[in-house]
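Numbering of the sequence shown is given in our numbering, commencing with residue 1 and proceeding in unit increments. A short write-up of the structure that comes next.
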Amino acid sequence: MDRWTEYELFVNTAELGSLSKAAEQMDISNATASRYLASLEQRLGARLIERNTRRLLLTEAGEHFCRSCKAVLAEISDAEAAVNANTVAASGTLRITASLSFCLKHITPLLPEFTQRYPDIEVQIVAANRYFDLIESGIDIAIRTREFEPDSAITVRKLASTPRVLAAAPA
Numbered sequence: 001m002d003r004w005t006e007y008e009l010f011v012n013t014a015e016l017g018s019l020s021k022a023a024e025q026m027d028i029s030n031a032t033a034s035r036y037l038a039s040l041e042q043r044l045g046a047r048l049i050e051r052n053t054r055r056l057l058l059t060e061a062g063e064h065f066c067r068s069c070k071a072v073l074a075e076i077s078d079a080e081a082a083v084n085a086n087t088v089a090a091s092g093t094l095r096i097t098a099s100l101s102f103c104l105k106h107i108t109p110l111l112p113e114f115t116q117r118y119p120d121i122e123v124q125i126v127a128a129n130r131y132f133d134l135i136e137s138g139i140d141i142a143i144r145t146r147e148f149e150p151d152s153a154i155t156v157r158k159l160a161s162t163p164r165v166l167a168a169a170p171a
């Protein structure tokens, strides 16, 4: 028998206070639910639930095991959610703007690998040496090489420092 289903059935039974309600919720027959619970109790060598015709009560061992099962089931559920969040395919349009020289030197060399890794993302590069309204232009990422005026609608992060050099040729 599937241990995961046994644990899930046991927790549902404890929470609902009824084996038949837990079976119904899990879309299994009452007989199957009884077999799962009996198998779990036999494997553990302990009675987890005291049953009579009127009600169902957890034993001391059942209460302890129920708490542990809930924690384990929650951890597994969180782990599955994290994996699902990381495996959802990214898609859509990504609009990037930077100066022409920055785009040529740093962004365009990365595009083949990026588009191979994320084929459902269309990358649009706006290479411009002028500044414009990023939100109005639908820009997702803007890379600037000078101080940027703070705007509450824009998140700004410093990526690196660039030294300024004044160079001149002898006349």
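Glycine is no exception: its CB is placed at the ideal position from the N, C-alpha and C atoms.
Strand pairing of residue i, partner residues [DSSP]
i, result
"A142", "T97"
"Q124", "R95"
"I49", "L58"
Contact belief for residue i with residue j at Cβ below 8 angstroms, rounded distance in angstroms
i, j, result
"F143", "F102", "As written in the sequence, residue 143 is Ile, which differs from the Phe given in the question. So it is a contact: roughly 6 angstroms between Cβ atoms."
"L48", "F65", "6 angstroms"
"T145", "S99", "6 angstroms"
Best match in the options for proximity to residue i [C-alpha to C-alpha]
i, options, result
"T97", "D133, L19, H64", "D133"
"A127", "S20, R95, A160", "R95"
"L19", "L58, P112, N84, A171", "L58"
"E75", "R35, R51, S34, W4", "W4"
"S34", "E15, L9, L166, T53", "L9"
"Q124", "A61, Q116, I141", "I141"
"A61", "T53, N52, R51, A46", "A46"
"E15", "A167, E63, K158", "E63"
Span separating the alpha-carbon of residue i from that of residue j
i, j, result
"V72", "N30", "25 angstroms"
"V11", "S77", "14 angstroms"
"M26", "G17", "14 angstroms"
"R55", "T13", "11 angstroms"
"I139", "L110", "19 angstroms"
"R130", "E136", "15 angstroms"
"Y7", "R67", "11 angstroms"
"K21", "A79", "27 angstroms"
"K105", "C69", "55 angstroms"
With three or more beta-carbon pairs closer than 8 angstroms as the criterion, would you say the stretch 35 to 47 touches the stretch 75 to 92?
no
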